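948 is the number of the first residue of the sequence shown in the numbering used here; add one for each residue after it. Yeah, the Cβ is synthetic: ideal placement off N, Cα and C, and Gly gets one too. These figures come from a predicted structure and were not determined experimentally. Read the structure below first, then the notes.
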Amino acid sequence: MTLTSSSLLIACSSLLFGTLGMLHLVYTFRTNAFHPTDPDLLTRLRQARLYLSYDLSLWSAWIGFNASHSLGIVAVSLIFGYLALFHHGLLMDSRLLIATNVIFFAAFLLLAKRYWSKTPLVGIALSLLLNVVGYALADS
């Protein structure tokens, strides 16, 4: 395994992004960070049913969406971190993989800018920057 600055930057990008995903998963199940501040609203969310499935409350859907969101981030981060460190040539030879990785990060950056707080926005922006610089260094 030959580590280059390119592979290390892409791996660091994945590590940072994956860490954000893991923190999100912990926040989902171990804190009240994603709970509404209004306790009456929390009660109503637990009681409200979705037309999609009467067995599904809005609250359980909210927790499930947050958990799956986190797991998706962790999975993408593990895959691209692994490719960057152990199969750098394969990653660099695939425009599809590179585009998928950059577009995924960019999409999350746009979501963070539009819908989320400053902390994920800064973390995702840094991840995207490390990613793009890593790919750019591989071409030089």
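Below 8 Å, enough C-beta pairs join the segment 955-968 and the segment 1071-1082 to call them touching: three or more. Separation of L972 and V1021 (C-alpha to C-alpha, rounded to the nearest whole angstrom) is 9 Å. In the structure shown, the three-state DSSP call for S1074 is helix. Contact annotation, L1037 with A958: C-beta distance approximately 14 Å; criterion of less than 8 Å not satisfied. Here L997 really is in contact with A1008; their C-beta atoms are around 6 Å apart, less than 8 Å. If you look at H982, you'll find it isn't in any alpha helix (DSSP H); DSSP assigns it neither H nor E.
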